[in-house]
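So the protein lines, in turn, are chains A and B.
Just so you know, the first sequence maps onto residues 1 to 223 in the UniProt record's numbering.
Just so you know, the second sequence maps onto residues 1 to 393 in the UniProt record's numbering.
Contents: one structure, followed by commentary.
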Amino acid sequence: MHFQAEVGVLGHVDGSSQFVSQDTKIVCSVTGPIEPKARQELPTQLALEVIIRPAKGVATTREKLLEDKLRAVLTPIINRYCYPRQLCQITCQILESGEDESEFSQRELSCCINAAFLALVDAGIAMNSMCASIPIAIMKDSNEIIDNPSAEQLKTSPSVHTLALEFVDGGKVVKNVLLLDSNGDFNEDQLFNILELGEQKCQGLVKNLRKIIQDQISPRLVV
Amino acid sequence: MAENTALDTIEVHPITFPPDVLARISPELSLQRHLSLGIRPCLRKYEEFREVTIENNTLSRYVDTENVNAKNNILGSNVLKSGKTIVITSITGGIIEENSASIKDLDDFGEEELYEITKEENVVANYASIYPVVEVERGRVGACTDEEMTISQKLYDSVLHSRILPKQALKVKAGVRSVNEDGTLSVLYPDELENDPSNETNLKMKRKWSYVLYAKIIVLSRTGPVFDLCWNSLMYALQNVKLPRAFIDERASDLRMTIRTRGRSATIRETYEILCDQTKSLPLMINSQNIAFASNYGVIDLDPESQLQDPDNAEEEVDIDMDEARSVLIADLDTEAEETSIHSTISVIANAKGNYTQLTLVGAGAKITPNMIKRSLLLSKVRANDLSTRLNT
Numbered sequence: 001m002h003f004q005a006e007v008g009v010l011g012h013v014d015g016s017s018q019f020v021s022q023d024t025k026i027v028c029s030v031t032g033p034i035e036p037k038a039r040q041e042l043p044t045q046l047a048l049e050v051i052i053r054p055a056k057g058v059a060t061t062r063e064k065l066l067e068d069k070l071r072a073v074l075t076p077i078i079n080r081y082c083y084p085r086q087l088c089q090i091t092c093q094i095l096e097s098g099e100d101e102s103e104f105s106q107r108e109l110s111c112c113i114n115a116a117f118l119a120l121v122d123a124g125i126a127m128n129s130m131c132a133s134i135p136i137a138i139m140k141d142s143n144e145i146i147d148n149p150s151a152e153q154l155k156t157s158p159s160v161h162t163l164a165l166e167f168v169d170g171g172k173v174v175k176n177v178l179l180l181d182s183n184g185d186f187n188e189d190q191l192f193n194i195l196e197l198g199e200q201k202c203q204g205l206v207k208n209l210r211k212i213i214q215d216q217i218s219p220r221l222v223v
Numbered sequence: 001m002a003e004n005t006a007l008d009t010i011e012v013h014p015i016t017f018p019p020d021v022l023a024r025i026s027p028e029l030s031l032q033r034h035l036s037l038g039i040r041p042c043l044r045k046y047e048e049f050r051e052v053t054i055e056n057n058t059l060s061r062y063v064d065t066e067n068v069n070a071k072n073n074i075l076g077s078n079v080l081k082s083g084k085t086i087v088i089t090s091i092t093g094g095i096i097e098e099n100s101a102s103i104k105d106l107d108d109f110g111e112e113e114l115y116e117i118t119k120e121e122n123v124v125a126n127y128a129s130i131y132p133v134v135e136v137e138r139g140r141v142g143a144c145t146d147e148e149m150t151i152s153q154k155l156y157d158s159v160l161h162s163r164i165l166p167k168q169a170l171k172v173k174a175g176v177r178s179v180n181e182d183g184t185l186s187v188l189y190p191d192e193l194e195n196d197p198s199n200e201t202n203l204k205m206k207r208k209w210s211y212v213l214y215a216k217i218i219v220l221s222r223t224g225p226v227f228d229l230c231w232n233s234l235m236y237a238l239q240n241v242k243l244p245r246a247f248i249d250e251r252a253s254d255l256r257m258t259i260r261t262r263g264r265s266a267t268i269r270e271t272y273e274i275l276c277d278q279t280k281s282l283p284l285m286i287n288s289q290n291i292a293f294a295s296n297y298g299v300i301d302l303d304p305e306s307q308l309q310d311p312d313n314a315e316e317e318v319d320i321d322m323d324e325a326r327s328v329l330i331a332d333l334d335t336e337a338e339e340t341s342i343h344s345t346i347s348v349i350a351n352a353k354g355n356y357t358q359l360t361l362v363g364a365g366a367k368i369t370p371n372m373i374k375r376s377l378l379l380s381k382v383r384a385n386d387l388s389t390r391l392n393t
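Shown next, in the form of structure tokens:
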């Protein structure tokens, strides 16, 4: 997956990132750990408040569903028992969706996951593992699996997918599938091909994400 | 007291709770205890589904085909019971005017050609969805919860991407109401006049309308995740939807349009009052081969420390169990204990042929292995087969 990313782009939050891939552009901010409202507080672990703002208009149920999926991905990779009775706010602002919003959300979701991961690292929140996410489309006649498809490719493909994998050991070992969200018409073989190819692509992506974090941190290290 | 040094006499009493109390205060432990016996808190086996009973079309205005209840605005309905949970789906509709750019004008094609075209361009843009509102009754009023919103949106997305509702099927074939010589009103529909080609051409209208479908899904006695129940209920309901015929008044049809649109008074807008027929209806032509049914699964690691041991050979069992943490696949999640303790879930929408239209895999807990995925796909295929046979009963 080809992308450009930057961390620490915002000054007034604890962590932030910008993630651009093709026509999709996301800015993500992380504030936390901070004091939660009484109803958000969890006695033993960190509460997460995930907000996604659309490129145009106000947030609808579509963004609520994206928030739900993003939360499902982030919850297991954050070491939440480190911060009991605290809150972490994760806000993703979609600047450009890069796809037809009325039909698809795969590109936005993948980029939000990657952006949120970078911003969480930038904020210094304790993490259990790393994650990387890619959108996938299966093309009609060739049955070819395309990672990071364009808006046009999404439109003509019979099935579209979002894959997020959890990595440990310096990004070398896949620990679990954090999210696989598939829509359209597909069969079992295609599904396992997606997981196989997705693993390779995510591995490449997580390497690049590590590189970005490394470049950001190394100048600040006192040797 | 400080001088009391005889602390070695302290006794530790284990606290015991009845099973139902333990289930409330420690659902995780209660679940693990049950699983170690090979059953679940709801007393089902690991891969056992709940029985589903359905009632189709009992609430619709077209229940009695002879005697249509015009005051009822429900076009198709389903009541689904699964365990303690009841899901009531009622489908209503509305009519919107198409703006001509939004849909391809395919009017000049015959039915068969149309089918070929939609088959060729099997892209999502040619399909519509239904607008669902899910209400999970919890005995209190207030704004809708996140769960209700996400289920509604997921239903919308899944119907769209399943390619069940072609946009073509929602087009209104509007008729014209005219006043006969003797003062009575009669409605002519274009497709009812096939023998009379002259009439058909006269009835062609410039403006186009489409039906939109809304689904109200009420969930009573929620005991676990309900997306799959809502989806299945919606599938049953969609299959018995009948769309009312619609017509416009003769004076508003294009027969007289030329007079009004002449000159610069083009700003005068023709008002088309489109009315629905009280009795006549057409069945909704859905893509029935894409009808699919949903099921959900969970993956959980068995905790060796929570195992109930057989008192006779307790030592042997401990040795075996401690070696490997085994994970199991649980089908059709229900009860609070399962919902709060199982974090790895698989939700599948499958049709009976073995194709899948939706899959959501969340691995926040136990590791989801390829074998688990294969097993859940197989089970969902069997389940879809079973559920699809209930359509005609």
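C-beta: ideal position from N, C-alpha, C; glycine also.
Note down the Cα distance separating residue 129 of chain B from residue 165 of chain B, rounded to an integer number of angstroms.
Within the second sequence, residue 129 of chain B is the residue found at index 129, counting from 1. Within the second sequence, residue 165 of chain B is the residue found at index 165, counting from 1. Straight-line Cα distance between these residues: approximately 6 Å.
To which residues of the same chain is residue 373 of chain B closer than 8 Å at the C-beta, ignoring the five residues directly before and after it?
The sequence position of residue 373 of chain B within the second sequence is 373, counting from 1. For residue 373 of chain B, where only same-chain residues beyond five positions count, the Cβ hits under 8 Å are 346, 361.
Would you kindly check if the distance between the Cβ of residue 338 of chain B and the Cβ of residue 40 of chain B is under 8 Å?
On the second sequence, residue 40 of chain B is found 40 positions in, with the first residue counted as 1. On the second sequence, residue 338 of chain B is found 338 positions in, with the first residue counted as 1. Yes, the Cβ-Cβ distance between residue 40 of chain B and residue 338 of chain B is below 8 Å.
Evaluate residue 383 of chain B with the Cβ neighbour count: other Cβ atoms within 10 Å of its Cβ, from every protein chain shown; 16 or more gives buried, anything less gives exposed.
By one-based count along the second sequence, residue 383 of chain B stands at place 383. Under this definition residue 383 of chain B is a buried residue.
Kindly indicate if chain B contains any beta-carbon less than 8 Å away from that of residue 188 of chain A.
Here the question's residue 188 of chain A lines up with position 188 in the first sequence. Cβ-Cβ to chain B under 8 Å: yes for residue 188 of chain A.
Near-chain B residues of the UniProt domain "Exoribonuclease phosphorolytic" (4-125) of chain A (beta-carbon distance less than 7 Å), N- to C-terminal order
61, 62, 64, 65, 68, 72, 75, 76, 103
Cβ of residue 158 of chain A less than 8 Å from any chain B Cβ?
On the first sequence, position 158 is the one that residue 158 of chain A refers to. True, the Cβ-Cβ gap to chain B drops below 8 Å.
Indicate the three-state DSSP secondary structure (helix, strand or coil) for residue 70 of chain B in the structure shown.
The sequence position of residue 70 of chain B within the second sequence is 70, counting from 1. Coil at residue 70 of chain B, not helix or strand.
Of the choices B:76, B:327, B:89, B:192, whose alpha-carbon is the least far from that of residue 283 of chain B?
Here residue 283 of chain B is taken as the residue at index 283 of the second sequence, counted from 1. Answer by Cα proximity: B:76.
Check this for me: beta carbons of residue 71 of chain A and residue 58 of chain A, under 8 Å apart or not?
Residue numbering aside, residue 71 of chain A sits at position 71 when the first sequence is read from its first letter. Residue numbering aside, residue 58 of chain A sits at position 58 when the first sequence is read from its first letter. Not a contact, by the Cβ cut-off of 8 Å.
Residue 52 of chain A vs residue 92 of chain A beta-carbon contact at 8 Å
For this step, residue 52 of chain A is matched to residue 52 along the first sequence. For this step, residue 92 of chain A is matched to residue 92 along the first sequence. Yes, the pair counts as a contact, with Cβ atoms nearer than the cut-off.
What's the gap between the Cα of residue 92 of chain B and the Cα of residue 242 of chain B?
On the second sequence, residue 92 of chain B is found 92 positions in, with the first residue counted as 1. On the second sequence, residue 242 of chain B is found 242 positions in, with the first residue counted as 1. If I take the Cα positions, the gap works out to 10 Å.
Cβ atoms of residue 15 of chain A and residue 95 of chain A: under 8 Å apart, would you say?
The sequence position of residue 95 of chain A within the first sequence is 95, counting from 1. The sequence position of residue 15 of chain A within the first sequence is 15, counting from 1. Taking 8 Å as the Cβ cut-off, residue 95 of chain A and residue 15 of chain A do not qualify as a contacting pair.
Name the two residues that bound the continuous alpha helix (DSSP H) containing residue 97 of chain A.
Start at 1 with the first residue of the first sequence, and residue 97 of chain A comes out as number 97. Where residue 97 of chain A is concerned, there is no enclosing alpha helix (DSSP H), given that its DSSP letter is neither H nor E.
Given residue 162 of chain B as reference, the closest of B:67, B:124, B:173 once Cα atoms are compared:
On the second sequence, residue 162 of chain B is found 162 positions in, with the first residue counted as 1. The option with the nearest alpha carbon to residue 162 of chain B is B:124.
For residue 198 of chain A and chain B, any beta-carbon pair shorter than 8 Å?
Locating residue 198 of chain A in the first sequence gives position 198, where the first residue counts as 1. Not closer than 8 Å to any Cβ of chain B, the Cβ of residue 198 of chain A fails to qualify, so no.
How close, in whole Å, do the beta carbons of residue 177 of chain A and residue 368 of chain B come, if the pair is a contact with beta carbons under 8 Å?
As a first step, residue 177 of chain A must be located in the first sequence, where it is residue number 177. As a first step, residue 368 of chain B must be located in the second sequence, where it is residue number 368. Contact holds; Cβ gap of about 5 Å.
Where the alpha helix (DSSP H) containing residue 340 of chain B begins and where it ends:
For the purposes of this step, residue 340 of chain B is taken as the residue at position 340 of the second sequence. Here the alpha helix (DSSP H) through residue 340 of chain B covers 335-341.
Alpha carbon to alpha carbon, how far is residue 244 of chain B from residue 349 of chain B?
Here residue 244 of chain B corresponds to residue number 244 of the second sequence, with the count starting at 1. Here residue 349 of chain B corresponds to residue number 349 of the second sequence, with the count starting at 1. Taking the straight line from one Cα to the other gives about 30 Å.
So, residue 132 of chain A versus residue 42 of chain A, is the Cβ gap smaller than 8 Å?
Sequence index remark: in the first sequence, residue 132 of chain A carries index 132 (1-based). Sequence index remark: in the first sequence, residue 42 of chain A carries index 42 (1-based). Contact: no.
Just tell me which of A:221, A:79, A:99 has its CA closest to the CA of residue 56 of chain A.
Counted from its first residue, the first sequence places residue 56 of chain A at position 56. Of the listed residues, the one whose Cα sits closest to residue 56 of chain A is A:99.
Does the Cβ-Cβ distance between residue 137 of chain A and residue 118 of chain A come in under 8 Å?
Against the first sequence, residue 137 of chain A aligns to sequence position 137. Against the first sequence, residue 118 of chain A aligns to sequence position 118. Cβ distance not < 8 Å, so residue 137 of chain A and residue 118 of chain A don't count as in contact.
In terms of residues, what are the limits of the beta strand (DSSP E) holding residue 169 of chain A?
Here residue 169 of chain A is taken as the residue at index 169 of the first sequence, counted from 1. Premise fails: residue 169 of chain A is in no beta strand (DSSP E) and is neither H nor E.
Is there at least one Cβ from chain A nearer than 8 Å to residue 86 of chain B's Cβ?
Taking the second sequence and counting its residues from 1, the one referred to as residue 86 of chain B is at position 86. No, residue 86 of chain B does not count as interfacial toward chain A.
Cβ neighbours of residue 50 of chain B in the same chain (closer than 6 Å, five flanking residues each side left out):
Here residue 50 of chain B refers to the residue found at position 50 of the second sequence. Cβ within range, chain order: 82, 83, 332.
Taking only runs that begin and end inside the segment 131-193 of chain B, name each unbroken beta strand (DSSP E) of 3 or more residues, in chain order.
131-136, 175-179, 185-188
Chain A contact for residue 154 of chain B (CB, 8 Å cutoff)
By 1-based counting over the second sequence, the position of residue 154 of chain B is 154. It does: the Cβ of residue 154 of chain B has a partner Cβ on chain A nearer than 8 Å.
What residues in its chain sit with their C-beta under 7 Å from that of residue 63 of chain B, if we drop five residues either side in the sequence?
Start at 1 with the first residue of the second sequence, and residue 63 of chain B comes out as number 63. Closer than 7 Å at Cβ, skipping near neighbours: 57.
Quick check on DSSP: helix, strand or coil for residue 316 of chain B?
The residue you call residue 316 of chain B lines up with position 316 of the second sequence. Note that residue 316 of chain B has pLDDT 49, beneath the 50 cutoff, so the model's placement of it is unreliable and the number below is only indicative. In the structure shown, residue 316 of chain B sits in a helix (DSSP, three-state: H, G or I).
Across which residues does DSSP place residue 188 of chain A in a beta bridge pair?
Your numbering for residue 188 of chain A matches position 188 in the first sequence. In DSSP, residue 188 of chain A forms no bridge with anything.
Consult DSSP for residue 111 of chain A and reduce its assignment to one of helix, strand or coil.
To locate residue 111 of chain A, count along the first sequence from 1; it is residue 111. Residue state, collapsed to three classes: helix.
My output table needs one value for residue 77 of chain A: the three-state DSSP class, helix, strand or coil.
Residue 77 of chain A sits at position 77 when you count from the first residue of the first sequence. Residue 77 of chain A: helix per DSSP, three-state reduction.
Those residues which DSSP pairs with residue 161 of chain A across a bridge
Residue 161 of chain A sits at position 161 when you count from the first residue of the first sequence. Per DSSP, A:136, A:182.
Pick helix, strand or coil for residue 391 of chain B, following the three-state DSSP scheme.
For the purposes of this step, residue 391 of chain B is taken as residue 391 along the second sequence, with counting starting at 1. Three-state result, residue 391 of chain B: coil.
Delimiting residues of the beta strand (DSSP E) encompassing residue 216 of chain B:
Numbered from its first residue, the second sequence carries residue 216 of chain B at position 216. Here the beta strand (DSSP E) through residue 216 of chain B covers 209-220.
Near residue 130 of chain A, what residues of its chain come up, given a Cβ to Cβ distance below 8 Å and the 5 sequence neighbours on each side ignored?
In the first sequence, the residue the question calls residue 130 of chain A occupies position 130. These residues qualify, in order along the chain: 77, 117, 166, 167, 168, 171, 206, 209, 210.
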